[in-house]
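*Asks:* Using the numbering used here, you'd call the opening residue of the sequence shown number 23 and step up by one each time.
We put the beta carbon where it would ideally sit given N, CA and C, even for glycine.
Everything numeric in this text was worked out from a predicted model, so none of it was measured.
Structure provided below as structure tokens; questions to follow.
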Amino acid sequence: MKRILPILLLTSSGFLGCASTGTTSSQTELPVSRVVMYQSGIGYVERNAVVADDELVLRIRPDQINDILKSLTVIDRGNGRPISISLPVDQATLDRLAEIPDQVRSGGIRSLLYAFRGAHVKIKTRSGSHDGRIVGVDEPMLGRELTINMEEQRSLATVTLFTDADRLDVIPLDDIKSVDLYDASLAQGLQKSLNISLNEGDWKQIELHIKMDSSKKRELAMSYLVAMPTWKPAYRLILEDNQSGTLQGWAIISNVTGSDWNNISFSLVSGQPMSFTYDLYKPQFLTRPDLSGLAVSKASAPKISESTYNYGQMTKPAMVARPSAAQKNSARMAPMATEEAAEAEYMMMDMADEDIPQMAETKSVTSQEMIAGFSELASKSQIGSFDEYKLASKLSVPDGNTALVNLIQRKLVARDTRMFEKPNAIHAFNAYTKGWRQTKSYQTIELKNEAGVALDAGPITIYRDQAVIGEGYLSRTEKDATAYITFANEGRLTVSVADTSTKTDYVLDSFRNGTCTTQNVEQYTAYFEFDSKIPIETTALLQIPDFGEYGWDPVDFPENVAKGTSSYVVSVNVPGNGKVTVPLTMRNKQTRKARSGMKRDNCLYAIKNALNAGEIGGDQAEKFKKYLNDSENRASIQAKINELNTRKDEINIDQKSLTETLRGLKDIKTSNADSLKNQLLNRQKSNEKELVNITSELYTLQVQRSELNLALQSLEKELDYTRTSK
């Protein structure tokens with residue numbers, strides 16, 4: 023006899039229900055005792071308590087599972103140990119393993135009967151019962167309903183059964199009261215489908231069960247990582263008149279762990295350690311290759327190998343700037359105009375005659391009150407290379423709430439400056455020519471971080487004289503570094519390049535085996551002129567891009583210059599309504615090599631500089647001096663040879679012109695022609711005589727040059743120098 027598994031139809035809309043039973047052991051959930059929050063999107067959570075149960079339960083959201091699985095630690099301080107850790111399999115994997123149709127997942131009698139096509143069932147209706155196999159569900163008028171009366175509407179959908187009597191029974195869906203399943207696997211699949219549907223959604227927490235070895239009383243600790251919102255810093259800077267200010271810092275934290283924080287130890291870690299996600303929860307199935315096509319279709323023929331003979335064993339790598347004058351009364355109101363003041367005074371006198379109750383004078387919040395009303399609640403320490411803020415008192419934050427924590431209150435060096443925008447590094451060097459001009463600058467607070475910890479990036483509100491003068495953004499600033507906080511535009515200060523100059527020098531790196539290696543050092547100086555229309559002395563900050571990757575380095579910069587990651591910040595004090603010019607020099611070094619027999623003017627300049635600087639000593643100094651002297655003599659001889667050859671070419675051209683002129687005068691028989699012929703002939707003779715002298719002198723000079731070349735080549739083999747100071 024076939025077993026019948028009943029399914030009860032609970033509502034007319036077709037929702038089905040099933041019952042399940044199970045046993046539950048003694049369970050305890052540990053409360054949160056400590057949280058460390060990082061800025062990389064993770065948090066470290068500790069839970070601690072004394073329990074006497076044999077099973078711990080940790081209720082977590084589905085999106086927290088992977089981080090917990092890769093970091094979970096359970097410690098039994100009572101010398102016990104956890105036996106197993108279990109949690110439900112990923113719902114998508116359950117769906118895949120059970121191969122549950124989507125129609126079953128969606129629910130409803132219509133979709134279930136459609137999915138169970140072919141199954142043997144018993145359907146009970148208002149008029150009787152039908153036993154058979156499901157053929158299908160018919161919806162001839164899908165989306166339409168038959169109106170019986172004003173109160174009742176019926177669907178025209180039907181289900182068809184193939185009975186044991188070889189008969190097809192057509193049953194209206196609205197007449198069905200219950201369906202009995204004969205197939206146990208269908209009932210089990212439906213149970214799994216309903217379990218999965220129950221657990222779907224991030225709102226539904228998952229229980230992670232930790233089974234202990236016994237139910238004895240013990241002290242348990244649990245720790246793990248979990249995804250958390252990054253904590254956000256916010257700052258307030260209260261400026262004072264002595265080029266200093268008080269920096270106050272908060273941390274904004276959110277508890278989204280799923281558990282309340284009740285009197286927990288709490289820490290914040292500054293910096294962003296690396297973090298990532300990795301799916302450890304969802305079962306992973308490998309896709310195996312299908313090698314069916316590689317099946318052997320015919321027998322293999324034996325391989326025929328050639329014979330061999332035995333051949334024996336085969337062996338097979340700060341800026342400190344002078345403070346500028348303080349800007350006072352920047353937020354005070356201007357006095358009223360005369361007429362407005364008189365009218366206001368008249369109104370006050372008129373009101374004084376009336377019996378009007380006087381309002382108590384209100385006081386503005388002072389800087390001292392703002393400072394006194396705030397205190398540091400966190401101590402600072404190091405976790406590896408990161409800064410840790412540890413709260414001195416316990417923290418309580420309900421789940422799903424946000425809190426503010428006081429972290430920093432320190433008096434720091436803070437001065438008013440004006441900072442120009444940093445030009446693009448690719449175009450800036452070519453732009454620093456005479457006539458370059460920049461008019462856009464910002465009111466900037468130069469803040470020296472002496473708080474003892476790195477300051478993370480966050481918004482900052484700036485106060486002076488009991489008023490807000492601006493808002494800015496503090497970029498991450500390491501300990502003892504200087505931050506520049508811009509908070510307003512400034513249009514009264516300009517900078518331009520008034521003049522430029524270039525100088526090239528040569529440095530001898532080495533001379534060995536006839537090869538001379540030099541550095542060509544080119545120095546480029548731009549004279550920056552600052553023009554201020556501000557009535558008081560102002561500190562201007564000029565940002566010069568770091569041209570190191572293009573071979574240019576700063577030299578002869580002012581002492582009060584700071585180095586950033588991509589630029590230099592030059593501080594210049596500009597008088598009120600005045601001008602000041604500052605020269606800034608960049609240097610470029612390029613290495614050049616010159617071999618014997620080549621033109622080496624750069625090498626001779628470098629040798630002369632090295633000798634003048636006393637970098638070459640001993641016998642080598644004398645040899646280099648002789649080499650330099652002979653080279654200069656050879657250069658002098660070569661210059662003379664070049665001069666004589668030029669003169670020789672000029673005479674030859676003149677001789678050719680004289681010959682052509684005499685040929686034209688040959689047939690002219692006049693006294694003037696004869697006189698001109700004589701003059702031209704005398705000139706030819708003079709040229710011929712000069713050519714003889716030039717040729718003789720050239721021969722002598724060429725011999726001298728040849729002898730000097732041989733002497734220099736011989737001397738080059740004896741020269742040996744390598745610069746030690748770079």
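What three-state label does DSSP hand F569 in the structure shown?
*Replies:* Three-state DSSP puts F569 in coil, outside helix and strand.
*Asks:* If I measure Cβ to Cβ from T683 and keep anything under 8 Å in the same chain, skipping five residues before and after, which residues do I get?
*Replies:* Closer than 8 Å at the Cβ level, and outside the excluded window around T683, lie L702.
*Asks:* Buried or exposed: where does N471 fall if 16 or more other Cβ atoms within 10 Å of its Cβ makes it buried?
*Replies:* N471 is buried by the Cβ-count criterion.
*Asks:* Pick helix, strand or coil for S276, following the three-state DSSP scheme.
*Replies:* Correct three-state label for S276: strand.
*Asks:* Just to confirm, are L429 and Y454 a CB contact at a threshold of 8 Å?
*Replies:* No. Outside cutoff.
*Asks:* When the distance is taken between beta carbons, is F533 closer than 8 Å to I741?
*Replies:* Reading off the sequence shown, one finds Leu at residue 741, where the question assumed Ile. In this structure, F533 lies closer than 8 Å to L741 by Cβ.
*Asks:* Specify the secondary structure class of K338 as computed by DSSP and reduced to three states.
*Replies:* Model confidence at K338 stands at a pLDDT of 34, short of 50, so the residue's coordinates are unreliable; what they give is reported in the following sentence. Reduced to three states, the DSSP call for K338 is coil.
*Asks:* Looking only at C-alpha atoms, which of D575, E77, E512 sits nearest to S588?
*Replies:* For S588, the nearest C-alpha among the options comes from D575.
*Asks:* For the pair the region 529-548 and the region 623-634, tell me if three or more CB-CB distances fall below 8 Å.
*Replies:* Yes, they touch.
*Asks:* Which runs of the beta strand (DSSP E), 3 residues or longer, sit entirely within the region 442-499?
*Replies:* Counting whole runs of 3 or more residues, the region 442-499 contains the beta strand (DSSP E) stretches 463-470, 480-486, 489-496.
*Asks:* Quick one: what's got a C-beta closer than 7 Å to V475's C-beta in the same chain, skipping five residues either side?
*Replies:* For V475, where only same-chain residues beyond five positions count, the Cβ hits under 7 Å are S292, K402, D409, K501.
*Asks:* Consult DSSP for E10 and reduce its assignment to one of helix, strand or coil.
*Replies:* Beyond the ends of the chain as shown, which are 23 and 748, falls residue 10; an answer cannot be given.
*Asks:* For Q270, write down the residues that DSSP places opposite it in a beta bridge.
*Replies:* Q270 is bridged to R258, Q431.
*Asks:* Determine the direct distance from the alpha carbon of E551 to that of N511, and round the result to whole angstroms.
*Replies:* Roughly 20 Å separates the two Cα atoms.
*Asks:* Shortest alpha-carbon distance to D652 belongs to which of S593, Q726, G494?
*Replies:* Cα-wise, what sits closest to D652 is Q726.
*Asks:* When the Cα atoms are used, what is the spatial distance from Y743 to A643?
*Replies:* Near 10 Å, if we compare the C-alpha coordinates of A643 and Y743.
*Asks:* Over the uninterrupted beta strand (DSSP E) stretch that includes L633, give me the two end residues.
*Replies:* Unbroken run through L633 is the alpha helix (DSSP H), 623-634; no beta strand (DSSP E).
*Asks:* Distance, Cα to Cα, L698 vs E719?
*Replies:* Taking the straight line joining both Cα atoms gives about 32 Å.
*Asks:* Looking at I484 and L259, is the spacing between their C-beta atoms short of 8 Å?
*Replies:* Yes; because the gap between Cβ atoms is below 8 Å, this pair is in contact.
*Asks:* Could you tell me if A632 is buried or exposed, where buried requires 16 or more neighbouring beta carbons within 10 angstroms of its beta carbon?
*Replies:* Buried: at least 16 other Cβ atoms inside 10 Å.
*Asks:* What are the start and end residues of the alpha helix (DSSP H) that includes S658?
*Replies:* Unbroken alpha helix (DSSP H) run through S658: 640-687.
*Asks:* What residues in its chain sit with their C-beta under 7 Å from that of I274, if we drop five residues either side in the sequence?
*Replies:* Same-chain partners within the cutoff: W253, K254, A256, T424, L426.
*Asks:* Relative to the C-alpha of D196, which residue among K444, V159, D186, D205 is closest?
*Replies:* Nearest option by C-alpha distance: V159.
*Asks:* Going by the CB atoms, is the gap between N715 and I673 shorter than 8 Å?
*Replies:* The answer is no: Cβ separation not under 8 Å.
*Asks:* With DSSP run on the structure shown, which of helix, strand or coil describes R727?
*Replies:* Reduced to three states, the DSSP call for R727 is helix.
*Asks:* Just the C-alpha distance for L566 and S276, rounded to the nearest angstrom, thanks.
*Replies:* Reading off the sequence, residue 566 comes out as Ile, not Leu. Those two C-alpha atoms are separated by around 41 Å.
*Asks:* Measuring CB to CB, does R69 end up less than 8 Å from L52?
*Replies:* Closer than 8 Å, so yes.
*Asks:* Hey, S389 and Q488: beta-carbon distance below 8 Å or not?
*Replies:* Contact: yes.
*Asks:* Taking the alpha-carbon positions, what's the G271 to A71 distance?
*Replies:* If you take the alpha carbons of G271 and A71, they lie about 34 Å apart.
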